[in-house]
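Written out below as structure tokens is the structure these notes cover.
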Amino acid sequence: MNDPLSRLSAIYGIEESYISATGEHRVIPDAIKISLLEAMGVDAAHDLDLDHGQHPSSSGSPQHGGECYVPDWLREGRIWGVSTQLYAISSRRNQGIGDFVDLANLAELAAARGADFVGVNPLHALFWDDPNRCSPYFPSTRQFINPLYIAIDVLPLGAEILAREDQCVQSVRESRTVDYGTVARLKHRALREIFFRSSARDDFEFRSFCEDRGQPLDNFARFETLSALMVERGFQSGWLKWSPEFQDVHSSAVLELMRDHQDDILWHKWLQWTAHTQLAEAQRCALAAGMRVGLYLDLAVGVAPDGAATWGDPALVTAKARIGCPPDEFNVLGQDWGLAPIIPSALEERAMGPFEEVIAASACYAGAVRIDHAMALERLYWIPEGSDARGGGYVRYPREEMLDVVARVSEKFNTIIIGEDLGTVPAAFRDRMWERQIHSYRVFYFERDEAGHYVNPESYPQLALACIGTHDLPTLGGWWSGTDIETRRKLGLIAEGYIEAELAARQGHRRQLLALLARNGFAHAIDHASATELADEVVCDLHACIAKVPSRLFVVQLEDIAGARDQINLPGTHKEYPNWRSKLPMTLEELFDSPLAARTLDAVARVRPRQP
């Protein structure tokens, strides 16, 4: 590492090489290093001539340490909860999409069964004026909340307005999938009318909220206002496709336009305040109902390159690179997640403040937070502008400083931390998670021994959250029936010649599941493995079996006990599959009254009784 480019790359965290998933040693070409440096705002041609003795943001040798919050009663205890996608909740009162009142009601229903927490998808702000950009893991910013989750009916004037919109409300409520476009237009009309007809702008608590959120809220509200204006003019909602004069948050064109739209800016701030108050109320209701943790929220790993975060602070989050994964045996082209990364040197120059704000933006509402792709605390695979996923490189982050921030925020808000550590994760990183009391994330489908058999419950670690599946995997019913295989066949994601092998492998996995149950005292005829319909007793017993794990937390996915077969998100697809749109097949009230849900939740509660 004696050449100037390698030294400069090392200063900014760009790794010289990496070991691929297949064990191959891959060296990062100089052209990729230069592109990554440019994505960070570094003029490689100029800076190569400078003498860089240390990282531009390093400041001595800080002392590291500190554990994340774990309540005393949980250190040797075990609890359980339920999870779902908030938008997917069907209820008799919502406006076609699950909302914060539904979340509070879900918490109360689950608490009555003995659950201590309720988990949902990331609630980050998406793109208000392009509601079909609905992936909760592709947010405009992680500092603010998605206003589509605001419950209209509990707001002043809400019932009156919804009465006029009754036909529209009934239509979107009865739809089997979330009609984001219609729901967004309905809520847009209602929320604007409520704001402009009420005295909300004069509310002392609202004004205090605006002052407390400061410049970040100002920039976000300006972005939302400008995004709406750009869409009206025929541009896209994201700033990368706007007229050049509006792409700079500080440009005179932006400032001049904003002077004429102060009411719209204030409205977007009011939306955030309203979302804030309703989400905080959902947590209050969860705790009041007897939950000891309450809300379990999810933190996305990055942001959209054309959203509020990159527009409002381009020196912190670069739009000139995307996060992804290098090629491996499963995907020879690698993966491009399309997310914009934070620039590590910018984080350190600001003493980690922006990262602390992002973590706190979720932790302040929650008793537990899951950090998606926890390896981002150590390094991320960057793909520079103009390259595909084969032409990227790893960028190292200030791991210990970031872990310090996570621990500090966790303690401040009494928030349990879970780190999503699926896939290839170095043992040393998991050791650091353990030392910092960050819980591992263990998924039943992936917990296998070297022979490919499902491991017994006692093999799971204590410092973990265990679950059956995730949003990127088939539901339990879909997995058992092979619905996911058929879906991928229809979409051309599996060649016809491989279908029989996939189905045969699935039957083998069903047999292994039944064998696991038999080893743990749940007897089922092995012939059940040939059945395409999943028996209720298998659903119930599998949950009871995995609930036995030593892991501190166990979560029941509502989709699995509601009989849902459609996968929540099918990776590798876009418009050809209704990702992030499927609703639960019954209302909350019907779900908790259903025999399968009642039987399963009661079985889990017996294995993990709530201790006084």
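Take 1377 as the starting number for the sequence shown in my numbering and just add one per residue. The beta-carbon is built from N, C-alpha and C at its ideal position, and this holds for glycine as well. On a predicted model such as this, the values are computed, not experimentally measured, just so you know.
Identity of the residues DSSP links to residue i by a beta bridge
i, result
"A1744", "Y1672 and I1792"
"D1712", "G1700"
"I1390", "V1771"
"W1333", "It is not possible to answer for residue 1333, since the shown part of the chain is limited to 1377 through 1988."
"G1729", "Per DSSP, none; premise fails for G1729."
"V1679", "A1716"
"R1451", "Answer is none; R1451 lacks a bridge partner."
"V1693", "I1718"
"R1824", "Y1830"
Cβ-based neighbour list, residue i, same chain, cut-off 6 Å, excluding 5 preceding and 5 following
i, result
"Q1430", "A caution first: Q1430 carries a pLDDT of 46, below 50, which makes its placement in the model too unreliable to give a value."
"R1882", "G1858"
"I1990", "No statement about residue 1990 is possible, as the shown extent of the chain runs from 1377 to 1988 and does not include it."
"V1548", "G1472, D1555, T1558 and V1559"
"V1831", "E1823 and D1825"
"F1820", "I1844 and I1922"
"R1957", "T1553 and V1554"
"W1856", "L1910"
"R1383", "none"
"L1450", "R1928"
"L2005", "Since the first and last residues shown for the chain are 1377 and 1988, residue 2005 lies out of range."
Residue range of the unbroken alpha helix (DSSP H) whose run includes residue i
i, result
"Y1556", "Y1556 to R1573"
"R1887", "I1875 to R1895"
"R1660", "Q1638 to A1664"
"R1865", "T1859 to K1866"
"R1957", "Neither: R1957 is in no alpha helix (DSSP H) and is coded neither H nor E."
"S1411", "D1406 to A1415"
"S1547", "D1542 to E1550"
"V1630", "S1628 to R1635"
"E1621", "No alpha helix (DSSP H) holds E1621; DSSP gives it neither H nor E."
For residue i, three-class secondary structure by DSSP
i, result
"S1396", "coil"
"A1979", "helix"
"T1517", "strand"
"R1609", "coil"
"S1434", "Low confidence applies here, because S1434 scores a pLDDT of 41, under 50, leaving its location unreliable; read the following figure in that light. DSSP places S1434 in coil when its eight states are reduced to three."
"C1843", "strand"
"N1925", "Checking the sequence shown, residue 1925 turns out to be Val, not Asn. In the structure shown, V1925 sits in coil (DSSP, three-state: anything other than H, G, I, E or B)."
"F1503", "coil"
"Y1830", "strand"
"P1988", "coil"
"V1325", "What is shown of the chain runs 1377 to 1988, which leaves residue 1325 out entirely."
"I1718", "strand"
"T1949", "coil"
"G1495", "strand"
"T1963", "strand"
"S1738", "helix"
"R1509", "coil"
"R1818", "strand"
"V1915", "helix"
"T1686", "helix"
"S1584", "helix"
"R1577", "helix"
"S1835", "helix"
Contacts around residue i, its chain only, beta-carbon distance under 7 Å, and the 5 residues preceding and following it disregarded
i, result
"L1482", "I1465, V1494 and L1964"
"W1649", "F1582 and F1585"
"C1661", "A1480, A1483 and E1484"
"K1361", "No statement about residue 1361 is possible, as the shown extent of the chain runs from 1377 to 1988 and does not include it."
"R1864", "I1870"
"P1954", "T1553"
"E1608", "none"
"D1475", "Y1525, I1526 and A1527"
Opening and closing residue of the beta strand (DSSP E) in which residue i lies
i, result
"F1930", "L1929 to Q1933"
"G1490", "Taken as a continuous stretch (DSSP letters only), G1490 belongs to no beta strand (DSSP E), as it is neither H nor E."
"P1760", "R1755 to P1760"
"R1402", "H1401 to V1403"
beta-carbon residue i near the ligand FMN non-hydrogen atom, thresh 6 Å
i, result
"L1647", "With respect to the ligand FMN, the structure offers nothing, as it holds no ligand at all."
Neighbourhood of residue i by C-beta distance below 8 Å, restricted to the same chain and skipping five residues each side
i, result
"P1947", "D1848"
"L1879", "G1858 and I1861"
"R1726", "L1692"
Tell me, please, whether the region 1507-1526 touches the region 1680-1696 by the rule of three or more beta-carbon pairs shorter than 8 Å.
yes
Any contact of the region 1737-1747 with the region 1782-1792, i.e. 3+ C-beta pairs under 8 Å?
yes
Could you tell me whether the region 1871-1891 touches the region 1968-1975, using the rule of 3 or more Cβ pairs below 8 Å?
no
Say whether the region 1760-1772 touches the region 1521-1539, bearing in mind that this needs 3 or more beta-carbon pairs closer than 8 Å, one atom from each stretch.
no
Contact the region 1954-1961 vs the region 1873-1881: 3+ CB pairs below 8 Å
no
Hey, is the region 1498-1508 in contact with the region 1532-1545, meaning 3+ C-beta pairs nearer than 8 Å?
no
Looking at C-beta atoms only, is the number of pairs between the region 1745-1752 and the region 1793-1802 that lie closer than 8 Å three or more?
yes
Can we say the region 1928-1936 touches the region 1451-1463, given the rule of at least three CB pairs closer than 8 Å?
yes
With three or more C-beta pairs closer than 8 Å as the rule, is the region 1713-1723 touching the region 1693-1700?
yes
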